[in-house]
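Student: Protein chains in written order, with the working numbering: chain A, 1 to 477; chain B, 1001 to 1111. We treat Cβ as the ideally placed atom computed from N, Cα and C, and that holds for glycine. Note that this is a predicted model, so its numbers are computed, not measured. My structure is below; once you've seen it, I'll send some questions.
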Amino acid sequence: MFADIFEAHNKLKKKEISSAELTAECLKNLGANKNNSFISITSELALESAKKVDQEISKSGVSSYLHGIPYSLKDLFITKNIRTTAGSKMLHNYIPPYEGYVAKMLKKAGGVLVGKTGCDEFGMGSSNDNTAYGPVTNPLDPNYVPGGSSGGSAISVLEKSSYFSMGTDTGGSVRLPANFCGLVGFKPSYGRISRYGQIAYGSSLDQAAPFGNSVLDMAIILDQLTENDPNDSTQAPLGNTKSTEYILKNEKASLKGFKVGYYPEFIENCREDVQKNLKESLEKLRSLGAELVEVELPHSKYSVAVYYIIATSEASSNLARFDGIHYGYSAKNQTGLEQVYVASRSEGFCDEVKRRILLGTFCLSSGYSDEYFNHACKVRRLIRTDFDKAYEKCDFVFSPVCATTSFRRDEDLTPLQMYMTDLYTIPVNLAGLPSIAIPNGTSSQNKMPTGFQLIGKAFDDERLLSFAHNFMKGVKS
Amino acid sequence: MKKININADLVKHVGQLARLELEPNEIADYEKNFKDIISYIETLNEVKTEGVEPLFNPLTENIQFYTDNLKSPRKESEDKIEASLPVEEVLKNSPDQHNQQFRIHAVIEDQ
């Protein structure tokens, strides 16, 4: 197994290894799905497409960085003719008749799909426990959760059954598991990657987001997924990013000339072990030449409350499509149409999904929508304005990803306590900004990974990735 | 935000709106969760939002960035006629179908 996509790509390019060999190695590492990271494994299809790719490469060389690279997709991405469950009983038998944008673009780039990874139902959860297909195990320590909702994707990269994986990040669902597993996770700006064929949870927050082993890999993946898509009117028609080229052109082990903002309260509120590593990373940024400046993000403390109004409201509307009629789970032996709706939904959704649908329905119901939904959207603007003001003083904002490391599976968190794990990731989704989660060591308390995130201005994804890449280079040198 | 009294009836009512049937034990659980969550959400009462425009989607904010950065103004893409999915493909996932259509329970009774 090579360190990252970039390295594997260079080997493929020089014909020192074949895609079939890379794929066979990934499938071997997957074992018998020992960590339950996958819901569906497409091994035959993978070996077949690897063979096809190898023929292409031997004939005309590699055509993209992802040509021949094995990867996985969170089971929330629509894949034509491959079962797509969203981690839910509701879609246990759903075989999509069309290809979603992400699957289409990665196929076009010559990537080799290993399978569809486990996740919290419809992307709702932080622990990977809300799933009809069994929780994903964290091989670093099975007593600890991999993080959610894209936990299966994170583990597929960690166990080396995939070189990269696409997850989705609505409130931190990629950055949190990346942080809990010691991986790199990158949430692009809202509107950068088309959401066509990404099963919707919170439409104004959802964004496809990759996991991998290096910052450069994040750029490689992003560049393949930013072609304009007429099927998503909320995708900004900016055309393809060229972040890989940008990074390689600006590569240096120095951060001179950049200002990094940090909000001291964020750091002080983290657990001691996490705080210690955050402070070390700040010091490292400084020693590599970045100028540190204090910024204020006072409204971020309301972000969880705002999120649980907005995300659940959007979810209650998005999930209204599951009716037991068109596709998916349908309750048997019902006497009328209404009964089919009610029974299919009540039996098909898990508790957490029902909880969020109920909360969202309440927030949008007559008499409450103005006080809850509209008020939350106003506070959302204030959260965004805080970031806008911060960027008058700095280029990027440094922040924790989570106040703690991964937590133990047997810790009995209430729903509200579980929601609070996303306190530092949610503001980014509410404001629509790009953010990269980077590992920075392990905890002195439990040896589990720790990390931080760097948050950029909207659509400043390329510069953010380049800065993060140079930081990592500086750390290694 | 007015103080809201969360009780079993409210949870049941919201369940009906969302087309979810809740067992008595579920109602009790959700009632408890809702009390926790709503009282937490009510911390938003501290925030003064007079004169603040609601932000529904960040793209409306980001849009300025890309119009400023595009060399030419955004053009609406032209409508193109494309093939739809074949009916039989779409119906493949439905639990019940008849004559190339979704079949459901009768909603209008025979007279």
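1) Which residues in chain A have a C-beta closer than 8 angstroms to the C-beta of B/D1036? List them in chain order.
2) Indicate the three-state DSSP secondary structure (helix, strand or coil) for B/A1083 in the structure shown.
3) Could one say the Cβ of B/N1005 lies closer than 8 angstroms to chain A's Cβ atoms, at least one of them?
4) In chain A, what lies closer than 9 angstroms to B/N1099 by C-beta?
5) Nearest to B/I1104 by alpha carbon, out of A/A458, A/Y341, A/E462 and A/N231?
6) Check whether the Cβ atoms of A/I478 and A/V215 lie closer than 8 angstroms to each other.
7) Which residues does DSSP list as the beta-bridge partners of A/T361?
8) Beta-carbon within less than 8 angstroms of A/F258's beta-carbon, same chain only, minus the 5 sequence neighbours each way: which residues are those?
9) Which residues does DSSP pair with A/A209 in a beta bridge?
10) In chain order, what residues of the same chain have a beta carbon less than 8 angstroms from the beta carbon of A/S56, not counting five sequence neighbours either side?
11) Might you give, ordered along the chain, the residues of its own chain that have their beta carbon closer than 6 angstroms to the beta carbon of A/G348, omitting 5 neighbours on each side?
12) Taking A/K489 as the reference, give the member of A/I267, A/S287 and A/F266 with the closest Cα.
13) Exposed or buried, what is A/G115 when buried is set at 16 or more other beta-carbons lying within 10 Å of its beta-carbon?
14) Between A/A219, A/T23, A/A178 and A/D351, which lies nearest to A/D54 when the distance is taken from Cα to Cα?
15) Take B/L1010 and list the residues in its own chain whose beta-carbon comes closer than 7 angstroms to its own, dropping the five residues that flank it on each side.
16) Alpha carbon to alpha carbon, how far is A/K11 from A/D217?
17) Return the CA-CA distance between A/A403 and A/L430, expressed in angstroms with no decimal places.
18) Quick test of the definition: if touching needs 3 or more C-beta pairs under 8 angstroms, does the segment 365-382 of chain A touch the segment 1050-1057 of chain B?
19) Rounded to whole angstroms, what's the CA-CA distance from A/V145 to A/S126? Just pull it up for me.
20) Tell me whether the beta-carbon of A/G197 lies closer than 8 angstroms to the beta-carbon of A/V102.
21) Using a Cβ-Cβ cut-off of 8 angstroms, state whether A/Y94 counts as contacting chain B.
22) A/F387 and B/V1014: beta carbons closer than 8 angstroms?
23) Contact check, A/V136 vs A/S37 under 8 angstroms by CB: the rounded distance?
24) Report the rounded CA-to-CA distance for B/K1071 versus A/Y302, giving the unit in angstroms.
25) Please return the same chain residues whose Cβ sits closer than 6 angstroms to the Cβ of A/G151, not counting the five positions on each side in sequence.
26) Does DSSP put A/D223 in a helix, in a strand, or in coil?
27) Whose C-beta lies closer than 6 angstroms to the C-beta of A/L382 among residues of the same chain, with five residues either side of it excluded?
28) Quick one: which unbroken alpha helix (DSSP H) runs of 4-plus residues sit fully inside the segment 4-91 of chain A? Chain order, please.
29) For the segment 372-401 of chain A, which residues have a beta carbon sitting closer than 9 angstroms to at least one beta carbon of chain B?
30) Decide if B/P1073 is buried, meaning its Cβ has at least 16 other Cβ atoms within 10 Å, or exposed.
Tutor: Result, derived from the coordinates:
1) Within 8 angstroms Cβ-Cβ: T414, P415 and L416.
2) It is coil, neither helix nor strand.
3) Output row for B/N1005: interface = no.
4) Neighbours of B/N1099 on chain A: none; closest Cβ ~16 angstroms, over 9 angstroms.
5) Among A/A458, A/Y341, A/E462 and A/N231, the Cα nearest to that of B/I1104 belongs to A/Y341.
6) Residue 478 of chain A lies beyond the range of chain A shown here (1 to 477); nothing can be said about it.
7) Assignment of beta-bridge partners to A/T361 by DSSP yields no partner.
8) In its chain, beyond the 5 residues on either side, G289, A290, E291, D395, F396 and F467 have a beta carbon closer than 8 angstroms to the beta carbon of A/F258.
9) For A/A209, which the question treats as bridged, DSSP gives the partners A/G167.
10) Correcting the residue type first, residue 56 of chain A is Glu in the shown sequence and not Ser. For A/E56, same chain residues with a beta-carbon under 8 angstroms away, outside a window of 5 residues either side, are S63, H67 and G110 in chain order.
11) Same-chain partners within the cutoff: K89, M90 and Y329.
12) Outside the shown range of chain A, which is 1 to 477, sits residue 489 of chain A, and nothing can be said about it.
13) Taking every protein chain shown into account, the CB of A/G115 has 16 or more other CB atoms within 10 angstroms, so this residue is buried.
14) For A/D54, the closest of A/A219, A/T23, A/A178 and A/D351 by C-alpha to C-alpha distance is A/T23.
15) Excluding sequence neighbours, B/L1010 sits near nothing in its chain.
16) About 15 angstroms.
17) Near 19 angstroms, if we compare the C-alpha coordinates of A/L430 and A/A403.
18) The segment 1050-1057 of chain B and the segment 365-382 of chain A touch, with three or more beta-carbon pairs separated by less than 8 angstroms.
19) Cα to Cα, A/V145 sits roughly 9 angstroms from A/S126.
20) Taking 8 angstroms as the Cβ cut-off, A/G197 and A/V102 qualify as a contacting pair.
21) For A/Y94, the answer is yes, since a Cβ of chain B falls inside 8 angstroms of its Cβ.
22) Against a cut-off of 8 angstroms, the Cβ pair of B/V1014 and A/F387 comes out as no contact.
23) The C-beta distance from A/V136 to A/S37 rounds to 5 angstroms, short enough to fall under 8 angstroms.
24) Unreliable positioning characterises B/K1071 in this predicted model, as indicated by a pLDDT of 47, which lies under 50. A coordinate reading is not provided.
25) Here the set comprises N128, V136 and P177.
26) Under the three-state reduction of DSSP output, A/D223 falls in the helix class.
27) Exclusion of the five residues before and after A/L382 leaves H299 as the residues of its chain whose Cβ lies within less than 6 angstroms of its Cβ.
28) Listed in chain order, they are 5-13, 19-30 and 43-60.
29) Under the 9 angstroms Cβ criterion, the segment 372-401 of chain A contributes Y372, F373, N374, H375, A376, C377, K378, V379, R380, R381, L382, I383, R384, T385 and D388.
30) Note that B/P1073 scores a pLDDT of 47, beneath 50, so its modelled location is shaky; the value from the coordinates is reported in the next line. It counts as exposed.
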